Every structure is written in C-alpha cells, then in structure tokens.
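Below: one structure, written as structure tokens.
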Amino acid sequence: MRIDRSTLSLDQPVSSLDPNRGTHEEAAEWLRHGPVVPVALPDDVRAWAAMSAEAAQTVLDAHPDLSSDPRHWGAYTRGEIPAGWPLLNLIVGESMLNADGMDHRRLRRLVSHAFTPRRIDAFAPRIREITRELLDDLESAKPGDVTDLKEGFAYPLPLLIICELFGLTDPDQQRRLRGHFRTMLSVEVSGAERQAAAVGQRKVLARLVADRREAPLGDLTSALIEALDDEAGRLTEKELIDTLEIILLAGHETTVNSLTSTVHALLTHPDQLRALLGGELDWPAAVEAGLHWNAPLRNLFMRYALRDTVLHGVTVRRGEPIVVGLAAANREQRGTVPARFDIRDSRLYDRQLAFGAGPHFCLGAPLARLESAIGLSQLFARFPAMRLAVPESELVPVISTAINGLDALPVVLRPASV
28 MRIDRSTLSL DQPVSSLDPN RGTHEEAAEW LRHGPVVPVA LPDDVRAWAA MSAEAAQTVL
88 DAHPDLSSDP RHWGAYTRGE IPAGWPLLNL IVGESMLNAD GMDHRRLRRL VSHAFTPRRI
148 DAFAPRIREI TRELLDDLES AKPGDVTDLK EGFAYPLPLL IICELFGLTD PDQQRRLRGH
208 FRTMLSVEVS GAERQAAAVG QRKVLARLVA DRREAPLGDL TSALIEALDD EAGRLTEKEL
268 IDTLEIILLA GHETTVNSLT STVHALLTHP DQLRALLGGE LDWPAAVEAG LHWNAPLRNL
328 FMRYALRDTV LHGVTVRRGE PIVVGLAAAN REQRGTVPAR FDIRDSRLYD RQLAFGAGPH
388 FCLGAPLARL ESAIGLSQLF ARFPAMRLAV PESELVPVIS TAINGLDALP VVLRPASV
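Pasting the structure below:
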C-alpha cells in the first residue's frame, strides 16, 4: 500500500522507539513508511526520525532550516519534557554538540588541536601500552573459561584512553566516572538515579578542572582551562565541563561498540579472520567493515526545525525535533539489508555515516578508529583461537535508545584442549 507521506505528522506516530527492540528490525519497519517518519520516544515524547542515508545526510549537513540548539525545541522550551527524561542529558548542555554557526566553530576549534593527525599518531604508543596491560589482565583466564570481552577489554580501553587525554590519573576518580557514566546511559534506572549520576559525573570533572588549574599538564583539560582563562573569554566554565562530558560520551561509546561489533563479526566470519591474521587483509579495513555492518550509535539526538520545512515529502513544523537513525542509515546507504560484513569489498564502507556527517562530524573519529585497529590487532595476536562462548543467536543487544551494540560479549579466549 502506498503511503501519502504529506499527511504524516507528530500527532500520529507510526511507531515507538523501543530500547528493547533490535536496531535494524525496528529501522526496517520505520523505513516502510518513508525516509522521514513520526515516532514516539520514551515517555511519548514525539519526534521525526530520519532513517534513510539520504535523509540522514540532509539533516546532518548544514541545513539552513535546522538547528542543533535545544532552545529551538518547542516542547522543551514550553516545559513539557520532564527533568528525569532518559535522553535529556544527551541533548541539553553548552557544548559543540548543541551549538550552531560561529558558536559551534569556536568550541570545535578549541578542542580540535587535541585531535590533529600528528597528535593522534603520537598517542599510538600509549594506546598500545594500555591495550597490552588490559590483555595481560585477561591472561589469567584458564583454557575453556568464559570471559566477557566487553567488560574486561572493550569497555575499559577507551575509558582509560579518554582519562589519559583528560589528564584524569586518579584511579578512584576514574572508577567514580565509570560508575556515573554507566548509570547515566542506562534505561533501566529511575530518573532520580540518572540525575544523581549526572551530578556525580560533573563533580568528578569539576574536581579534575580544579586539579589541572592548580597543576597544569600537557592534556586537553589544561588546554581548555587556558582557553577559559584567556583574556578574550573564549570559553565559559559551563562550556568547559559540558565539552568534557560530550567528549567522554562520544569518545567512549563509539569505540566500545566498534570493538565488540567487529569482534562479533570476525568470530562469525572465520575466513576473514584468518585472512587478517595471515596478513592478507589489514586491521583498519576490518574496523571500517565493522562500522558499516553495525554502527556504534543507534540514533543521534537531535536537530530542531527553525521554521516549517519539507524534508523528503513530510512537513516538519517549527520547533519539532528530528532524530537521525545513524545505524540504519549507515547500513541502508549501500542497500545491504541484511548487511554483509565483507572486509574485501571496500565499496560497502568507503563512505561512512557511523561518525555522523556535516559540521558536527565526530572530531574524535580518527582516534576511535586508531584505538579499534590497535585493540583488535593486539587482541587477536594474543588470542588467535578465541571463539564465541554462546551461539550467536544468544548474544543480547544493549538496551538503549542511543547506543547500538551488545550487552555482553562472552568468549572463550583459549579453547580447552580436546
């Protein structure tokens, strides 16, 4: 049946965003209604969802009728969004994620020096060292033992690297940050718990700022403090904390899920794993294939209509929000449904949407790619006979509206001898 998209509106969402549902199963249903569809987010908050590659690219580009600033979200400015709404911490704040135009360029420029190709290349030895230390910890597993690779490797690796980037060296503060961070991203806790975690996370970062102000190091936090203290007043205290928060969020989750998804793919495509271990294929290409096969972010929240505008056949009214289905759009752009994991066919992944696009393209994408390539190569060099500990059908997706990945990745690092 042909759908008249011109009649679609937020008054009648075609479906609800379900964190318990498979990312690509849900996307396939939504795409049947068109590239941009009205949906209900948690607590029946209404939004448009841009699900096709073309629609996602349109929204992510510098569209003159769209803004990243939640102050242009009608329901939010009218006080209709509850304080404990699970996605609120991803949306509000004074960071480059939620800024446009000159403000966005100012904030991005202050952070970009930490992500130049030269600085990222210089960071590679430390990434290898942190990776080696984590793999040493995994060595205690006996042959045949089941290990959750997400908990023991994929989760701590990017967090430790970000702490290094921030200059957060206190192990106790690192643990606090990790605990608060997990609670904030969970959809299984109450709004009050999520808010308490957000306050706790900001306290950790505020203490970090105070420590680095007293004893500057050659890290990102010290550089941002210098910008804050500059006579021109280029950065406010709130912008500094918000910027650290958004780097933590974006830099951590992308790499965790890139690692787990690519390990999952390689363990279920043993011919390609053998080619990698034999040197026929390279690890950066494996990372790209993994990003295409299962992008680490399910949805990107949000953009807001500055005025009534038509997007791919639907009318988005002024003040209405738009979610970008990154994982679905990244897979849909090559028409690979179901998606193929194929390192050899670079046509599948030579144009990624996994890290966004347009002015807000992820600054840390090169670092995330490097972390993943180093992490994967050292992991499989250490444990080349690793296998899944459960049938693939028993792997459980993470329950999230924003994140796309696995809740756990149970593996046997060294199979027991027969």
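Note that the sequence shown covers residues 28 to 445 in the working numbering. For each residue, glycine too, the CB sits at the ideal point set by N, CA and C. None of the values given here were measured: they were computed from a predicted structure.
Own chain residues within Cβ distance below 6 angstroms of residue i, not counting five before or after
i	result
residue 265	121
residue 131	123
residue 286	181, 399, 402
residue 292	317, 320, 368
For residue i, the three-state DSSP class (helix, strand or coil)
i	result
residue 216	coil
residue 47	coil
residue 328	strand
residue 68	strand
residue 57	helix
residue 151	helix
residue 92	coil
residue 430	strand
residue 75	strand
residue 108	coil
residue 36	coil
residue 175	strand
residue 287	helix
residue 370	coil
residue 113	coil
residue 446	Nothing about residue 446 can be read from this structure; the chain reaches only from 28 to 445.
residue 42	strand
residue 336	strand
Beta-carbon proximity list for residue i, same chain, < 8 angstroms, skipping 5 on both sides
i	result
residue 405	155, 158, 159, 162
residue 268	229, 232, 233, 236
residue 384	83, 84, 87, 88
residue 117	276, 328, 429
Contact belief for residue i with residue j at Cβ below 8 angstroms, rounded distance in angstroms
i	j	result
residue 340	residue 98	Not quite, the Cβ-Cβ distance comes to about 28 angstroms (not below 8 angstroms), so this is no contact.
residue 96	residue 127	6 angstroms
residue 184	residue 398	7 angstroms
residue 313	residue 375	Not really, about 12 angstroms apart at Cβ, beyond 8 angstroms.
residue 322	residue 357	4 angstroms
Beta-carbon proximity check, residue i vs residue j, cutoff 9 angstroms
i	j	result
residue 194	residue 249	yes
residue 279	residue 208	yes
residue 332	residue 343	yes
residue 51	residue 302	no
residue 134	residue 270	yes
residue 418	residue 170	no
residue 222	residue 110	yes
residue 347	residue 112	no
residue 175	residue 436	yes
residue 192	residue 150	yes
Where residue i falls, given that 16 or more other Cβ within 10 Å makes a residue buried
i	result
residue 47	exposed
residue 43	exposed
residue 450	An answer regarding residue 450 cannot be provided, because it is not within the stretch 28 to 445 covered by the chain.
residue 305	exposed
residue 94	buried
residue 224	buried
residue 307	exposed
residue 334	exposed
residue 246	buried
residue 217	exposed
7 angstroms Cβ shell around residue i - same chain, five flanking residues per side excluded
i	result
residue 388	382
residue 73	37, 40, 65, 67
residue 56	42
residue 295	419
beta-carbon residue i near the ligand FAD non-hydrogen atom, thresh 8 angstroms
i	result
residue 122	Ligands in the displayed structure: none, and consequently the ligand FAD is not present.
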